[in-house]
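Asks: For reference, the structure I am asking about is given below.
There are 2 protein chains.
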Amino acid sequence: MFYLIGLGLGDPKDVTVKGLEIIKKCDRVYLESYTSILTCGQTALEEFYGRSLILADRELVEQGADDILAGANTHDVALLVVGDPFGATTHTDFILRAKEKGIPFQVVHNASILNAAGCCGLQLYSFGETISIPYWDDTWKPDSFYDKIKMNRDNNLHTLCLLDIKVKEPTLESLTKKKREYMPPRFMSVNEAAVQLLEILKKKRSEGIADEDLAYTEKSLCIGLSRVGHESQQIVACSMLEMVQSDLGAPLHSLIIPAEKLHPLEEEYVALFKK
Amino acid sequence: MFYLIGLGLGDPKDVTVKGLEIIKKCDRVYLESYTSILTCGQTALEEFYGRSLILADRELVEQGADDILAGANTHDVALLVVGDPFGATTHTDFILRAKEKGIPFQVVHNASILNAAGCCGLQLYSFGETISIPYWDDTWKPDSFYDKIKMNRDNNLHTLCLLDIKVKEPTLESLTKKKREYMPPRFMSVNEAAVQLLEILKKKRSEGIADEDLAYTEKSLCIGLSRVGHESQQIVACSMLEMVQSDLGAPLHSLIIPAEKLHPLEEEYVALFKK
Numbered sequence: 002m003f004y005l006i007g008l009g010l011g012d013p014k015d016v017t018v019k020g021l022e023i024i025k026k027c028d029r030v031y032l033e034s035y036t037s038i039l040t041c042g043q044t045a046l047e048e049f050y051g052r053s054l055i056l057a058d059r060e061l062v063e064q065g066a067d068d069i070l071a072g073a074n075t076h077d078v079a080l081l082v083v084g085d086p087f088g089a090t091t092h093t094d095f096i097l098r099a100k101e102k103g104i105p106f107q108v109v110h111n112a113s114i115l116n117a118a119g120c121c122g123l124q125l126y127s128f129g130e131t132i133s134i135p136y137w138d139d140t141w142k143p144d145s146f147y148d149k150i151k152m153n154r155d156n157n158l159h160t161l162c163l164l165d166i167k168v169k170e171p172t173l174e175s176l177t178k179k180k181r182e183y184m185p186p187r188f189m190s191v192n193e194a195a196v197q198l199l200e201i202l203k204k205k206r207s208e209g210i211a212d213e214d215l216a217y218t219e220k221s222l223c224i225g226l227s228r229v230g231h232e233s234q235q236i237v238a239c240s241m242l243e244m245v246q247s248d249l250g251a252p253l254h255s256l257i258i259p260a261e262k263l264h265p266l267e268e269e270y271v272a273l274f275k276k
Numbered sequence: 002m003f004y005l006i007g008l009g010l011g012d013p014k015d016v017t018v019k020g021l022e023i024i025k026k027c028d029r030v031y032l033e034s035y036t037s038i039l040t041c042g043q044t045a046l047e048e049f050y051g052r053s054l055i056l057a058d059r060e061l062v063e064q065g066a067d068d069i070l071a072g073a074n075t076h077d078v079a080l081l082v083v084g085d086p087f088g089a090t091t092h093t094d095f096i097l098r099a100k101e102k103g104i105p106f107q108v109v110h111n112a113s114i115l116n117a118a119g120c121c122g123l124q125l126y127s128f129g130e131t132i133s134i135p136y137w138d139d140t141w142k143p144d145s146f147y148d149k150i151k152m153n154r155d156n157n158l159h160t161l162c163l164l165d166i167k168v169k170e171p172t173l174e175s176l177t178k179k180k181r182e183y184m185p186p187r188f189m190s191v192n193e194a195a196v197q198l199l200e201i202l203k204k205k206r207s208e209g210i211a212d213e214d215l216a217y218t219e220k221s222l223c224i225g226l227s228r229v230g231h232e233s234q235q236i237v238a239c240s241m242l243e244m245v246q247s248d249l250g251a252p253l254h255s256l257i258i259p260a261e262k263l264h265p266l267e268e269e270y271v272a273l274f275k276k
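Chains as they are written, first to last, in the numbering used here: chain A, 2 to 276; chain B, 2 to 276.
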């Protein structure tokens, strides 16, 4: 059997009882380590499970799926995923490959940032499309997500912004070499996200868009979340300009751009996180 | 300490290890029983936890919050909630009340239908606003959610439809009596939802809206899900007209109206659930 197990968001004890039982009995257990990370790290997981884990980086997950699935029709193999297993396309693809090979599979769900984001007090039913904000570089500054924020705000919906994670990215120089070299891992912080969002504002204004037609301005409320579900979780509600100066500590971070008009209960709850 | 603990979606073992440890040590543990239900039922939970639970129905949760929170500043009290604690407004309100009373609180996240819906293979990032479909009666047929489906479809987004749950609803006759009498519990099925959605179509057509301007038609693909996360989980993908004839068994059910154009990977995955 092939098991795809969500680990939730915070620490080792956020695994479900069902998930833990499966992890203990499996012959091989892989820990997917590039679409998300747990605040606690691999060693804490291994200690808690009482077994070793095989780290599954991008190369292994995307090109070594056959290796991971090998023998899963006669043995038990698990792939552990931070959050919920269906949070990333890669994992859906894994199930399809298992299906193709005639390998039986089971999914163990868990919390994902998509529902745990409710911890800031915004109603989950009032979120529009979720967006991803990628790291920009000197030449590549995609901003198509701006239109989605605009659409959500026009419909008085909140926007959850998932922030970029770069783990085991080959350096540009090494791409032409035989031996790959990797950049240090990077996890976008809420302040880095706010900087990029404000840069888009400048561009939109230079295109002649008036302030009242912008998706947001420097004064718009936004909510920064870090390490959701972990005991060190932090939530800050402030203007987007203030968010640039915020420091929410270690990764992972997420940013929410709330709807213009909040429900009174949302208003009251979010106020808890204003400075 | 007041604990708000998500139980996830399937069976007793879907609680997290963290949640289980807290449940075992608490002085009082309430099981919220009117915004959602677990397929397994209260007795199975009590057996698994090795302790008794106090059933918290609508009256207790909405009017007896003070009773539930009583003593939580010196003792440990937990409220268990199916799915994730932030899935319903009522639970957010609970945290605010605890705050007001100076009671420390902790939230234990878990899977909710909002992320577990990904099990049908549709990408979670491509969902628009979630809607709720209420039971209609002879005189009350609200359909404002139709516009949200339309907006989602216009933007090529999927719509998750949460289906009505009626638990411990007083009968109309008993409202004027001293002794309340309650209707049997009802849980909307995907076929009941499809019937109401098709009735809205008739109305829209009678208002002169052309087929190409409708949010969906009888032929639109929809996906029915039942008992997500439980081993008896069922997923069916068919036209909305066919969904009227479907039988997905015991509650809870959810319905998804996918975007018009699916990603190839979504297409491939959803095809697994077509008859």
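Glycine is no exception: its CB is placed at the ideal position from the N, C-alpha and C atoms. Since we're looking at a predicted model, the values are computed, not measured.
Please check if any C-beta of chain A sits within less than 8 Å of the C-beta of B/Gly51.
Replies: No, its Cβ sits nowhere closer than 8 Å to a Cβ of chain A.
Asks: Along the chain, where does the alpha helix (DSSP H) containing A/Ile24 start, and where does it finish?
Replies: From DSSP, the alpha helix (DSSP H) with A/Ile24 extends over Val18 to Lys26.
Asks: Classify B/Glu48 as helix, strand or coil using the three-state DSSP reduction.
Replies: The answer is helix: DSSP assigns B/Glu48 an H, G or I state.
Asks: Here's a check: name, in chain order, each residue in its chain whose Cβ is nearer than 8 Å to the Cβ of B/Leu163, leaving out the five neighbours to either side.
Replies: Counting only Cβ-Cβ distances below 8 Å, and skipping sequence neighbours, we find Ile114, Thr131, Ile132, Ser133, Ile134 and Ser255.
Asks: Could you work out which residues of chain A lie near B/Lys100, taking near to mean beta carbons separated by less than 8 Å?
Replies: Ordered by position in chain A, the residues that pass the 8 Å Cβ test against B/Lys100 are Leu273.
Asks: Just to confirm the assignment, what range does the alpha helix (DSSP H) spanning B/Ala99 have?
Replies: Start and end: Thr90 to Glu101.
Asks: Output needed in chain order: residues of the stretch 103–118 of chain A with a Cβ under 7 Å from some Cβ in chain B.
Replies: Result list: Val108, His110, Asn111, Ala112, Ser113, Leu115, Asn116 and Ala117.
Asks: Can you tell me which of the three DSSP states A/Pro13 falls into?
Replies: In this structure, A/Pro13 counts as helix in the three-state DSSP scheme.
Asks: Chain B partners of A/Gly122, CB-CB under 7 Å?
Replies: Chain B residues near A/Gly122: Thr93.
Asks: Do you know how far the Cα of B/Gln43 is from the Cα of B/Val16?
Replies: Approximately 14 Å between the Cα atoms of the pair.
Asks: Any beta-carbon of chain A closer than 8 Å to the one on B/Lys14?
Replies: So yes, B/Lys14 belongs to the interface.
Asks: Would you kindly work out how many angstroms separate the C-alpha atoms of B/Phe106 and A/Glu243, rounded to a whole number?
Replies: Cα-Cα distance, rounded: 28 Å.
Asks: With a cut-off of 8 Å, does the C-beta of A/Phe3 fall near any C-beta of chain B?
Replies: For A/Phe3, the answer is no, since every Cβ of chain B falls outside 8 Å of its Cβ.
Asks: Between the stretch 6–38 of chain A and chain B, which residues of the former have a C-beta closer than 9 Å to a C-beta of the latter?
Replies: So the list reads Gly7, Gly9, Leu10, Gly11, Asp12, Pro13, Lys14, Asp15, Val16, Thr17, Val18, Lys19, Gly20, Leu21 and Glu22, given in the order they occur along the chain.
Asks: At a cut of 8 Å, does the stretch 236–252 of chain B reach the stretch 192–207 of chain B through at least three beta carbon pairs?
Replies: Short answer: they touch.
Asks: Rank B/Asp67, B/Ala66, B/Ser221 and B/Ala194 by C-alpha distance to the C-alpha of B/Asp1 and give the top, closest one.
Replies: In the structure as shown, chain B starts at 2 and stops at 276, and residue 1 of chain B therefore has no counterpart that could be examined.
Asks: Any beta carbon of chain B sitting closer than 8 Å to that of A/Gly225?
Replies: Closer than 8 Å: no.
Asks: CB A/Leu54 to CB A/Val30, shorter than 8 Å?
Replies: Contact flag set, yes.
Asks: Would you please verify whether the beta carbon of B/Asp85 is less than 8 Å from any beta carbon of chain A?
Replies: Chain A, which has a Cβ nearer than 8 Å to the Cβ of B/Asp85, makes this yes.
Asks: Comparing the C-beta of A/Glu63 with each C-beta of chain B, is any distance below 8 Å?
Replies: Judged by the 8 Å Cβ criterion, A/Glu63 is not in contact with chain B.
Asks: Check whether the stretch 257–266 of chain A and the stretch 118–132 of chain A touch, using three or more Cβ-Cβ pairs below 8 Å as the test.
Replies: Yes, the stretch 257–266 of chain A is in contact with the stretch 118–132 of chain A.
Asks: What is the rounded straight-line gap between the Cα of A/Met2 and the Cα of A/Glu101?
Replies: Straight-line Cα distance between these residues: approximately 14 Å.
Asks: Just curious, the beta strand (DSSP E) that B/Val271 is in, first and last residue?
Replies: From DSSP, B/Val271 is part of no beta strand (DSSP E) but of the alpha helix (DSSP H) over Pro265 to Val271.
Asks: If you drop the 5 nearest sequence neighbours on each side, which residues of the same chain put their C-beta closer than 7 Å to that of B/Cys41?
Replies: Around B/Cys41: Asp12 and Pro13.
Asks: Is B/Ile96 near B/Thr160, with beta carbons less than 8 Å apart?
Replies: No, Cβ-Cβ distance for B/Ile96 and B/Thr160 is not below 8 Å.
Asks: In terms of residue numbering, what span does the alpha helix (DSSP H) encompassing A/Ser113 cover?
Replies: Counting along the chain, A/Ser113 falls outside any alpha helix (DSSP H), and DSSP gives it neither H nor E.
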